[in-house]
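In what follows, a structure is listed as structure tokens, so that the remarks can point back to it.
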Amino acid sequence: MPGDKSISHRALMFGALAVGETVVDGLLEGEDVLATAAAMRALGAEVRREEAGGPEGRPRWRVWGRGVGGLVEPADVLDMGNSGTSARLLMGLLATHPMTSVMTGDGSLRKRPMKRVTEPLSLFGADFWYREGGRLPLAVKGTGEAVPVSYATPVASAQVKSAVLLAGLNAPGKTTVTEAVATRDHTERMLTHFGATVTVETDGAARVVTLTGQPELVAAPVVVPGDPSSAAFPVVAALITPDSHLIVRNVGTNPLRFGLYETLKEMGADLILRNERVEGGEPVADLEVRGTGLTGIDVPAERAASMIDEYPILAVAAACASGTTRMNGLAELRVKESDRLTAMAEGLAACGAVVRIEGDDLIVEGTGTAPRGGATVPVELDHRIAMSFLVLGMATEQPVAVDDAAAIDTSFPGFARLMNGLGASIHPLTETAAP
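Quick note: the sequence shown uses this note's numbering, first residue 117, plus one each step.
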């Protein structure tokens, strides 16, 4: 699998803030992560890809950092492309550096809300100017006199939590983030890996993360596991294709990212974790999966934080399952790269599935066989929508097309090549697909 996107972003950012040389093996070389690499260079770090590569031919990158508080003002606008993670986490870094920066992104990113990040970052003393609704392009004037912050996140968002912690790195004292629902904890794990003091406590149902500011981060090697969000596509493809047998190696199994796989197992998936281990502070395993019939279930809303990026491909699995699958509490899907809740409902309906939205819940009525297909689905620059419907097309009677596959390279370069190597038939519409 391509390297984990969330960990790849953080490896570059923390390497840029550390003292010394950080070696990163297995970095995801998708467009989103490359936007982060370019931003770190613009802020004064040296970031370089090693042509010889690392173990097993995986990409190897080297980052020479500037130390906490050592970033420099960029000479030009920072273009974050399609990456909400890059934009929101970078705002945290910029908020507590005494300089002015301007950030933009592509058409999709410029529609996504940023106030959820700028509001807590303003508490440190930073100033922000942005378009109506808190959207990019955005200018940030960082503060040189940051104060530590205690913040309770109003929505379950690892990006908001991480932005606040990154701002807290360059503030004296202790910065605390309290979240009612635990979100992915790659930031906490990697900060500890680089030498920061981070404590995690529970207060009832709440999770309280406290960072001691102004540490000296020390360069540390990072081995990036395979991305569980990317692994979801071949895993579900195997599950909905009878007689499939697939092993996906080196996949991150962080429990705060593994909600999809728990859900698939509850639906009856033949899915086994092999060779479980820990690499670079992150749990990793090989996933063995066989094509099996799935049964619809109710997916609890509290699981959303651990699988928020995987609902599009889960909806595909649900469309091929027997019975009703109800995915509860998906409000956050409306503000991703696209309105994923609407996009999945409309796309599945166009392919012949029985699907509806009730409030923030997505309900799919499965028949035990794949819907007919035969539609061209608009993806609105959303990589996960595109990949999900291409996977659905592997099981439908008629082909399924997407109107724009270019966005796939933001997170999964080589997706079509990898899937075709497993037996799929994914081709540009201008070519004649194999029967």
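Ideal placement from N, C-alpha and C gives every residue a C-beta, glycine not left out. Just so it is clear, the structure is predicted and the values come from calculations on it, not from any experiment.
{"Check": "Boundaries (first-last residue) of the beta strand (DSSP E) holding Asn366", "Outcome": "His361 to Gly368"}
{"Check": "Span of the beta strand (DSSP E), counted from its first residue to its last, around Asp482", "Outcome": "Strictly speaking, residue 482 in this sequence is Gly, with Asp absent from that position. Counting along the chain, the beta strand (DSSP E) containing Gly482 begins and ends at Asp477 to Thr483."}
{"Check": "Ordered list of alpha helix (DSSP H) runs contained in the region 285–373, each at least 4 residues", "Outcome": "302–309 and 344–355"}
{"Check": "Cβ-Cβ separation, Gly509 to Gly489 (assumed contact under 8 Å), whole Å", "Outcome": "6 Å"}
{"Check": "DSSP bridge partner residues for Val493 (one or two, in chain order)", "Outcome": "Val518"}
{"Check": "Selection from Asp192, Thr526, Glu147 and Glu162 that minimises the alpha carbon distance to Thr216", "Outcome": "Asp192"}
{"Check": "Residues sharing a beta bridge with Phe244, DSSP", "Outcome": "Val256"}
{"Check": "Where the alpha helix (DSSP H) containing Asp148 begins and where it ends", "Outcome": "Glu147 to Ala158"}
{"Check": "Through-space distance from Leu194 to Ala556, alpha-carbon basis", "Outcome": "Given that the chain is displayed from residue 117 to residue 551, the structure contains no residue 556 and the question cannot be resolved."}
{"Check": "Range covered by the alpha helix (DSSP H) that runs through Met383", "Outcome": "No alpha helix (DSSP H) holds Met383; DSSP gives it neither H nor E."}
{"Check": "Three-state class that DSSP yields for Gly208 in the structure shown", "Outcome": "helix"}
{"Check": "Euclidean distance between Cα positions of Ala549 and Val415", "Outcome": "Unreliable positioning characterises Ala549 in this predicted model, as indicated by a pLDDT of 46, which lies under 50. A coordinate reading is not provided."}
{"Check": "Beta-carbon contacts of His125 that lie in its chain and below 7 Å, excluding the five residues immediately before and after", "Outcome": "Val149, Thr152, Thr201, Ser202 and Leu205"}
{"Check": "Neighbourhood of Thr292 by C-beta, 6 Å cutoff - its chain only, sequence neighbours within 5 removed", "Outcome": "Ser266 and Thr326"}
{"Check": "Distance between Asn198 and Val493 (C-alpha atoms, nearest Å)", "Outcome": "20 Å"}
{"Check": "Simplified DSSP assignment, three categories, for Gly119", "Outcome": "strand"}
{"Check": "Cβ neighbour criterion (16 or more within 10 Å) applied to Asn286", "Outcome": "buried"}
{"Check": "Cβ neighbour criterion (16 or more within 10 Å) applied to His309", "Outcome": "buried"}
{"Check": "Neighbourhood of Leu210 by C-beta distance below 6 Å, restricted to the same chain and skipping five residues each side", "Outcome": "Ser217, Val256 and Gly258"}
{"Check": "Exposure label - Val179; buried when at least 16 CB within 10 Å", "Outcome": "buried"}
{"Check": "CB contact below 7 Å: Arg126 versus chain D", "Outcome": "The structure shown has no chain D; it contains just one protein chain."}
{"Check": "For Val163, three-class secondary structure by DSSP", "Outcome": "strand"}
{"Check": "CA-to-CA distance, Lys381 to Ser345, given in whole angstroms", "Outcome": "16 Å"}
{"Check": "Three-state secondary structure (DSSP) of Asn198", "Outcome": "coil"}
{"Check": "Option nearest Gly142 by Cα separation, candidates Leu159, Lys121, Gly530 and Leu225", "Outcome": "Lys121"}
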